[in-house]
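The sequence shown: position 45 = 45 (UniProt numbering), numbered continuously. Even for Gly, the Cβ is constructed at its ideal location relative to N, Cα and C. Model, not experiment: these values are computed from the prediction. To start, the structure under review is shown below, and the notes come after it.
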Amino acid sequence: MRGNKNIIYLVIIAVAVIISIVLIAGYMKDRGNQQIVSPASETSKEKDTKSEAKVLVSISTETIRDGLANMGFLVTQEYYFTNVETYTKEKKVFFNMIDSSSQMVFKYDGQVFAGVDFEKITITKDDATRTVTIDIPDAEIQSVAIDKDSFESYSEKESIWNPLKLDDYNAAMAEYEKTAKQKALDSGILERADEQAKAIVQNFVNSFPATAEYTIVYQ
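Below is the structure:
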């Protein structure tokens with residue numbers, strides 16, 4: 001009987017040892033898996049953080065475009081002028097046998113305005129190359145303004161048969177506006193207006209911190 005009990009005790013002890021070994025092996029395996037998974041988890045977090053950072057520095061071209069469009073047609077250059085003109089009105093009277101003419105010489109001041117329609121600016125973005133292309137339309141003459149208060153007559157010779165009328169003055173003004181516009185064009189007003197418009201756009205675009213991450217191309 002005592003021998004049988006000893007055998008049973010030995011079996012119980014052996015089973016306990018085996019169970020202990022299995023438990024210890026399982027614990028060590030779990031711990032090893034945790035050490036392997038942890039770096040992968042941290043790497044994933046790092047990738048997520050980098051992804052979020054990349055989104056934060058992305059340019060919103062719509063925000064920039066809307067801001068520029070709100071400026072509308074922006075006058076970026078002015079041309080001041082003073083002209084001395086001679087206006088002559090000729091007419092044949094007495095059955096087209098006699099020439100009759102009236103003439104006036106006068107001085108006036110004015111301005112020619114040129115600028116760019118910022119609503120027509122287009123912006124395209126390429127995130128792959130980190131490039132933003134901004135297409136600025138060419139400058140154009142917006143208006144010609146003649147200062148009527150500056151009008152000064154130097155001389156006037158008016159024929160009784162061919163008097164000067166209000167329509168003649170209006171026609172003269174329309175013609176002189178064309179002259180002033182051409183003088184402004186010859187002076188390079190549109191080129192200066194283009195340069196000034198580009199400078200305004202550059203300053204506006206550079207006010208967005210995210211633009212530092214992109215190459216800005218102006219066309």
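Item to complete: Quick one: give me the first and last residue of the beta strand (DSSP E) that I123 is part of.
Response: Per DSSP, I123 belongs to the beta strand (DSSP E) from T122 to D126.
Worksheet item: Is DSSP giving M104 helix, strand or coil here?
Response: In the structure shown, the three-state DSSP call for M104 is strand.
Worksheet item: What's the gap between the Cα of V37 and the Cα of D117?
Response: Because V37 sits at a pLDDT of 42, beneath the cut-off of 50, its placement in the model cannot be relied upon, and the following sentence gives the value as read from the coordinates. Pairing V37 with D117, the inter-Cα distance amounts to about 59 Å.
Practice prompt. Classify N70 as helix, strand or coil using the three-state DSSP reduction.
Written response: Secondary structure at N70: coil, using DSSP grouped into helix, strand and coil.
Worksheet item: DSSP state of I141, grouped into three classes?
Response: Residue state, collapsed to three classes: strand.
Worksheet item: Assuming I136 and A197 make a contact with CB atoms under 8 Å, what is their CB distance in whole Å?
Response: Taking the Cβ atoms as the reference, I136 lies roughly 6 Å from A197, within the contact range of under 8 Å.
Discussion item. Mapping the DSSP letters down to three states, classify I64 as helix, strand or coil.
Written reply: The answer is helix: DSSP assigns I64 an H, G or I state.
Fill in: Cβ distance (whole Å) where G115 is taken to contact T86 below 8 Å
Not confirmed; about 32 Å, so no contact.
Worksheet entry | Minimum C-alpha distance to D109 - residue among V217, N70, Q202 and N83 | Looking at V217, N70, Q202 and N83, the one whose alpha-carbon comes closest to that of D109 is N83.
Worksheet entry | Inter-residue spacing [alpha-carbon to alpha-carbon] between N206 and E191 | Straight-line Cα distance between these residues: approximately 23 Å.
Worksheet item: Quick one: Cα of F81 to Cα of Q111, how far?
Response: Going by the C-alpha atoms only, they are around 6 Å apart.
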